[in-house]
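Asks:
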Amino acid sequence: MQILHHGALDGVTGSCHQLRLDSGHSILVDCGLFQGDEARGRAGAGSLAIEFPLDGVAALVVTHVHIDHVGRIPWLIAAGFRGPILCSEPSALLLPLVLEDAFRLGVSRDEGLLNNYMAVIKQRIVPLAYGHWRNVDPLSTSLAPPNDELRIRLKPAGHILGSAYVECDLKERNGNTRVVFSGDLGAPHAPLLPAPKSPYGADVVVLESTYGDRLHEGRRTRSQRLKSALERALSDKGVVLIPAFSIGRTQEVLYEIEGIIHSAIRKGGSRKQGSNSGLGLDWQRLNIVVDSPLAARFTEAYRQLKPFWDKEAHQRLRQGRHPLAFEQLTTIDSHRSHQRLVSGLAQNPQPLVIIAASGMCAGGRIVNYLKALLGNPTTDLLLIGYQARGTPGADIQRYGPKGGYVMLDGERVTIKAEVTTLSGYSAHADQANLVNFIQRMRKRPREVRLVHGDAGAKAGLKIGLQEIVNEVVIP
217 MQILHHGALD GVTGSCHQLR LDSGHSILVD CGLFQGDEAR GRAGAGSLAI EFPLDGVAAL
277 VVTHVHIDHV GRIPWLIAAG FRGPILCSEP SALLLPLVLE DAFRLGVSRD EGLLNNYMAV
337 IKQRIVPLAY GHWRNVDPLS TSLAPPNDEL RIRLKPAGHI LGSAYVECDL KERNGNTRVV
397 FSGDLGAPHA PLLPAPKSPY GADVVVLEST YGDRLHEGRR TRSQRLKSAL ERALSDKGVV
457 LIPAFSIGRT QEVLYEIEGI IHSAIRKGGS RKQGSNSGLG LDWQRLNIVV DSPLAARFTE
517 AYRQLKPFWD KEAHQRLRQG RHPLAFEQLT TIDSHRSHQR LVSGLAQNPQ PLVIIAASGM
577 CAGGRIVNYL KALLGNPTTD LLLIGYQARG TPGADIQRYG PKGGYVMLDG ERVTIKAEVT
637 TLSGYSAHAD QANLVNFIQR MRKRPREVRL VHGDAGAKAG LKIGLQEIVN EVVIP
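Under this note's numbering, the first residue of the sequence shown carries the number 217, and numbering increases by one thereafter.
If you want it as structure tokens, here you go:
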């Protein structure tokens, strides 16, 4: 058995790992896009070719549908991959939406090509129920009867809806081996999502390390900081900008905002009383705009996937609440409406929350809002996700609190807005969560391989794991 890493090796994007069996056959776990500095000189926007041989690759297993885990699938198919795409049942609904958008942006807008490609994708996708073993036959590249060389099982990872970690059971000449690929693990108490539970055990774990050297703030703290930003918007009539990935983060923030507004109004926040406590603010005046056609489609898909929501979310539903479709929420689809709103806010800011992609401020509609509003002191910019090196989001995160500037579309934009990082809204587990994922296994692995993290994050996590695991490897 061998594990090869074709991405997320010295950074946090481009996840792609290969599990090669005794026989020489193999499976891939994810095939994602490189982003930010990690895209330079390799499979980024300019060079997306699959740079490793596909001989004997039986199947692709998708842990979740973020672009840094699935963005190179079009090129994988173009390179000759003919196997199934195995994923969870929610991911089977979400993946075509992601890949259709990625094809339009990165390959072609030709409808004929797109339709042919999507037909292939939908034919290849094989949804797997959580918690059930399925056999993979590397010789016929299809799901097979029991007692074959490899079987896999998906377990909820708590990162986004449909995310999974992958347990692989291998029948080798010298006995059975169990390998676990963590994918991206979520933090406990993430909105909408059940917390991930550790597997019983493993021999080898390939573990993400995005936040391996730090701890997140708790949910109560992050919720209070989000509420404070919303209160400032109501007080100074400023705009709150939230760059967010169209899938996962957008829906989780909407869920949290619905909870904040519901609680404030229930306590009397719809009456103007001149108080600075938040209770005297007119919360019914605060509108939330999702300015992303793709995010709107994902939010609708999330609504269809209510059976996979956690207990707290179902309790809200039983109360007659609609966490992803509340009264003050509107969506913008057309580009003309987007331009009109950007222009209007630049001239006359108002208490409004704008959620738009991309999450790292590297493109998409959020860039237009940033250019128009970063120079206004009443603007609040909330960074709620990981900002990869080389992205505008990372520059804003670093230089914004110092009153610096950022380059957007070749234009120097001075930052006068309030810039706040809410690490607690990260969809990734922190160091304590990652250590607990290993520590709570009944059978501890003999080896943990750290991927999907910067050098400092991996080094910090290695220190945290060395007391409970014999061998911690940074490939």
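Don't be surprised by glycine CBs; every beta carbon is placed ideally from N, CA and C.
Assuming Tyr333 contacts Pro300 under a Cβ cut-off of 8 Å, what Cβ separation, rounded to an integer in Å, is found between them?
Replies: Their Cβ separation, rounded to whole angstroms, is 16 Å, which puts Tyr333 and Pro300 out of contact at 8 Å.
Asks: Counting Cβ pairs closer than 8 Å, one from the stretch 307-322 and one from the stretch 511-519, do we hit at least three?
Replies: With the cut-off at 8 Å, the stretch 307-322 and the stretch 511-519 touch.
Asks: Could you check if Ser444 belongs to the surroundings of the ligand MN, using beta carbon to heavy atom distance under 7 Å?
Replies: Within the structure as shown, the ligand MN is missing, as the structure has no ligands at all.
Asks: Mapping the DSSP letters down to three states, classify Pro362 as helix, strand or coil.
Replies: For Pro362, the predicted model reports a pLDDT of 45, less than 50, meaning its position is unreliable and no value from the coordinates is stated.
Asks: Classify Gly560 as helix, strand or coil using the three-state DSSP reduction.
Replies: DSSP places Gly560 in helix when its eight states are reduced to three.
Asks: Assign Lys659 to one of three DSSP states: helix, strand, or coil.
Replies: Lys659: strand per DSSP, three-state reduction.
Asks: Here's the rule: buried if 16 or more other CB atoms are within 10 angstroms of the residue's CB, otherwise exposed. What is Ser553?
Replies: By the 10 Å Cβ count, Ser553 comes out exposed.
Asks: Beta carbon of Lys453, beta carbon of Thr594: below 8 Å?
Replies: For Lys453 and Thr594, yes; Cβs fall inside 8 Å.
Asks: Looking at Leu423: is its Cβ nearer than 8 Å to the Cβ of Val689?
Replies: No, the Cβ-Cβ distance between Leu423 and Val689 is not below 8 Å.
Asks: Put Arg367 into one of helix, strand or coil per three-state DSSP.
Replies: Note: Arg367 maps to strand in three-state DSSP.
Asks: Quick check on Trp349: buried or exposed, where buried means 16 or more other Cβ atoms within 10 Å of its Cβ?
Replies: Exposed, since its Cβ has fewer than 16 Cβ neighbours within 10 Å.
Asks: Out of Ser451, Ile473, Val456 and Val420, state which residue places its alpha-carbon closest to the alpha-carbon of Arg435.
Replies: Closest option to Arg435, Cα to Cα, is Ile473.
Asks: Taking just the CA atoms, how far does Lys387 sit from Gly606?
Replies: Gly606 and Lys387: Cα-Cα distance of roughly 43 Å.
Asks: Expressed to the nearest angstrom, what Euclidean distance is found between the alpha-carbon atoms of Lys659 and Ala418?
Replies: Going by the C-alpha atoms only, they are around 6 Å apart.
Asks: What span of residues does the alpha helix (DSSP H) with Asn392 cover, start to end?
Replies: Unbroken run through Asn392 is the beta strand (DSSP E), Gly391 to Phe397; no alpha helix (DSSP H).
Asks: Would you tell me roughly how many angstroms separate the C-alpha atoms of Asn492 and Gly591, rounded to the nearest one?
Replies: Note on Asn492: pLDDT 43, under 50, position unreliable in the model; no value is reported.
Asks: Between the beta-carbon of Leu409 and the beta-carbon of Cys384, is there less than 8 Å?
Replies: It is not a contact, given that the beta carbons lie outside the stated cut-off.
Asks: What whole-angstrom Cβ distance do Leu597 and Leu446 have, given they're in contact under 8 Å?
Replies: Leu597 to Leu446, Cβ: 14 Å. No contact.
Asks: Which residue spans inside the stretch 589-614 form an unbroken beta strand (DSSP E) run of at least 3?
Replies: DSSP runs (the beta strand (DSSP E)) wholly in the stretch 589-614: 596-599.
Asks: Is the separation between the beta-carbon of Leu208 and that of Val395 shorter than 8 Å?
Replies: Summary: the structure shown does not reach residue 208, with the chain confined to residues 217 through 691, and so no result is reported for it.
Asks: In angstroms, rounded to a whole number, what distance separates the CA positions of Tyr693 and Leu599?
Replies: The structure shown has nothing for residue 693, since the chain only spans 217 to 691.
Asks: On the DSSP letters alone, give me the boundaries of the beta strand (DSSP E) that Arg773 sits inside.
Replies: Limits of the chain in this structure are 217 at one end and 691 at the other, which puts residue 773 out of reach.
Asks: Assuming contact is defined by CB atoms lying nearer than 8 Å, are Ala610 and Leu589 in contact in what I supplied?
Replies: No. Outside cutoff.
Asks: Counting Cβ pairs closer than 8 Å, one from the stretch 460-479 and one from the stretch 274-290, do we hit at least three?
Replies: The answer is yes - the stretch 274-290 touches the stretch 460-479, with three or more Cβ pairs under 8 Å.
Asks: Leaving out the 5 sequence neighbours to the left and right, which residues in its chain are closer than 6 Å to Tyr471 when beta-carbon positions are compared?
Replies: The answer, listed in chain order, is Pro407, Leu408 and Pro539.
Asks: Are the CB atoms of Leu311 and His644 nearer to each other than 8 Å?
Replies: For Leu311 and His644, no; Cβs fall outside 8 Å.
Asks: Once DSSP output is grouped into helix, strand and coil, what is the label at Met334?
Replies: Looking at Met334 - three-state DSSP - the assignment turns out to be helix.
Asks: Alpha carbon to alpha carbon, what distance is there between Asp625 and Pro372?
Replies: The straight-line gap from Cα to Cα measures roughly 39 Å.
Asks: Contact defined as beta carbons within less than 8 Å: I believe Asp507 pairs with Ile570. What is the distance between those atoms, to the nearest angstrom?
Replies: With a Cβ gap of about 6 Å, Asp507 and Ile570 count as contacting.
Asks: Have a look at Ala275, Ala255 and Tyr602 and flag the residue whose alpha-carbon is nearest the alpha-carbon of Cys303.
Replies: Comparing Cα-Cα distances from Cys303 to each of Ala275, Ala255 and Tyr602, the minimum goes to Ala275.
Asks: Check whether the Cβ atoms of Gly399 and Lys674 sit closer than 8 Å, and answer yes or no.
Replies: Not closer than 8 Å, so no.
Asks: To the nearest angstrom, how far is the alpha carbon of Leu355 from that of Arg298?
Replies: Its pLDDT being 48, under 50, Leu355 is placed unreliably by the model, and nothing is read from it.
Asks: For Asp549, count neighbouring C-beta atoms within 10 Å of its own C-beta (all shown protein chains included) and say buried if the count is 16 or more, exposed if not.
Replies: That one is exposed.
Asks: Within 10 Å of its beta-carbon, does Ser324 have 16 or more other beta-carbons around it, so buried, or fewer, so exposed?
Replies: When all chains shown are included, Ser324 counts as exposed.
Asks: Answer with buried or exposed for Tyr416, where buried requires no fewer than 16 other C-beta atoms within 10 angstroms of its C-beta.
Replies: Counting Cβ neighbours within 10 Å, Tyr416 comes out exposed, since fewer than 16 surround it.
Asks: Quick one, which of Arg556, Gln251, Ile679 and Ala403 has its alpha-carbon nearest Arg465's?
Replies: For Arg465, the nearest C-alpha among the options comes from Ala403.
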